[in-house]
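Protein chains: 2
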Amino acid sequence: MDTLPKISDSEWEVMKLLWEQSPSTSSEIIERLSQNTKWKPTTIKTLIRRLVKKKAIGFDDKNRTYYYYPLVKKEKFIRSESRSFLKKVYDGGLKAMFANFLEIEDLSKEDIEELKDILDEKKD
Amino acid sequence: MDTLPKISDSEWEVMKLLWEQSPSTSSEIIERLSQNTKWKPTTIKTLIRRLVKKKAIGFDDKNRTYYYYPLVKKEKFIRSESRSFLKKVYDGGLKAMFANFLEIEDLSKEDIEELKDILDEKKD
DNA sequence: AAATCAAGACTACAGATGTAAACTATAAGT
DNA sequence: ACTTATAGTTTACATCTGTAGTCTTGATTT
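Protein sequence lines, in the order shown, are assigned to chains L and G. So for the first sequence, numbering that gives the first Met the number 0 puts the first residue at 0; every next one is plus one. So for the second sequence, numbering that gives the first Met the number 0 puts the first residue at 0; every next one is plus one.
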């Protein structure tokens, strides 16, 4: 497929779990999401169902229990999401965006060094 | 105010115009937005109206024509939007985000140097 | 003064989203 | 076999979004 399905903010949480660990059953997903959110199990089931409908995730049916897994690669998603964010908020200005993040986030000296290293690698 | 209103993607386009140039009349906004979008004038008027309702923008009424201007500062918005993006997509991992953007976007050597300078200043 | 135009207000309407309760069917325990 | 717990399905419902048409009213033109 070429066009990535649109994933809502809440659905993202489910995707992130599955990208991190799949296949997972819905109870596992519910279990883990309940730790960080206040969502009721049915809410999470709805999210799962919608992701299936959007073809963002699939599942294997092993005697009545579904094992869910992502159908779209994390990288593709992150890339697309990152691009649209950059465009929407910074009008595509990567440097402006970087500068802004450097200002609004607290960075330790170590972080700063690491970031410089990352930048250096790019300069090859 | 403490809680920023939620601004939709389309509404952002209006905000960006007003942050850049305000006050503006609706015809000016319509005029300028029509260049980059396919929105009908009424669509744009709806966006403006919703932003007023959300208290993201305000207006002065000068004999039947409204002059709109932002009620929330660009910086606050960008900051909040940036933070939630970082959290949602990169789980708050600034370094991961940087590395990823450097991969998918192009930065000139000069840009990289500038960013490193910013980092150095940060290190004070 | 009558007709017309422009700006804003009101109405519309389908699809997405957040949030969840109710229902169903099956597997498992007693 | 009967009850119960469980996973999945259906239904719900208000709000937000994208997208726009219609209506009203004061201003402008003839």
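Glycine included, C-beta positions come from ideal geometry on N, C-alpha and C.
Proline 4 of chain L sits in coil when the DSSP states are folded into three classes, being neither helix nor strand.
Excluding sequence positions up to five before and after tryptophan 18 of chain L, its CB lies within less than 8 Å of the CB of Pro69 and Lys73, all in the same chain and listed in chain order. For secondary structure counted as the alpha helix (DSSP H) over 4 or more consecutive residues, the region 24 to 85 of chain G holds these complete runs in sequence order: 25 to 35 and 40 to 52. Of all alpha-carbon atoms in G/Thr24, G/Phe58 and G/Ile103, the one lying nearest the alpha-carbon of serine 79 of chain L is that of G/Ile103. Aspartate 116 of chain G: member of the alpha helix (DSSP H) spanning 108 to 121, first to last residue. Within chain G, Ile77 and Ser81 have C-beta atoms less than 7 Å from the C-beta of asparagine 99 of chain L, given in sequence order.
Between the alpha carbons of tyrosine 67 of chain L and isoleucine 47 of chain L lies a distance of about 9 Å. One thing to note: leucine 93 of chain L has its Cβ within 8 Å of the Cβ of phenylalanine 100 of chain G.
Per the coordinates, the alpha-carbon of phenylalanine 76 of chain G lies some 34 Å from the alpha-carbon of glutamate 30 of chain L. In this structure, the beta-carbon distance from leucine 118 of chain L to leucine 32 of chain G does not fall below 8 Å. Per DSSP, glutamate 104 of chain G lies in no alpha helix (DSSP H) and is assigned neither H nor E.
Within the region 9 to 28 of chain G, contact with chain L at the beta-carbon level (separation under 8 Å) is assigned to Trp11 and Lys15. Around the C-beta of serine 7 of chain L, fewer than 16 other C-beta atoms lie within 10 Å, and the residue is accordingly described as exposed. Going by C-alpha positions, phenylalanine 84 of chain L is about 26 Å away from isoleucine 43 of chain L.
Around the C-beta of serine 23 of chain L, 16 or more other C-beta atoms lie within 10 Å, and the residue is accordingly described as buried. Chain order gives the chain G residues near glutamate 104 of chain L as Leu93, where near means a beta carbon separation below 7 Å. Listed along the chain, the chain L residues whose CB falls inside 9 Å of the CB of leucine 114 of chain G are Lys94, Phe97, Ala98, Leu101, Leu114, Lys115 and Leu118.
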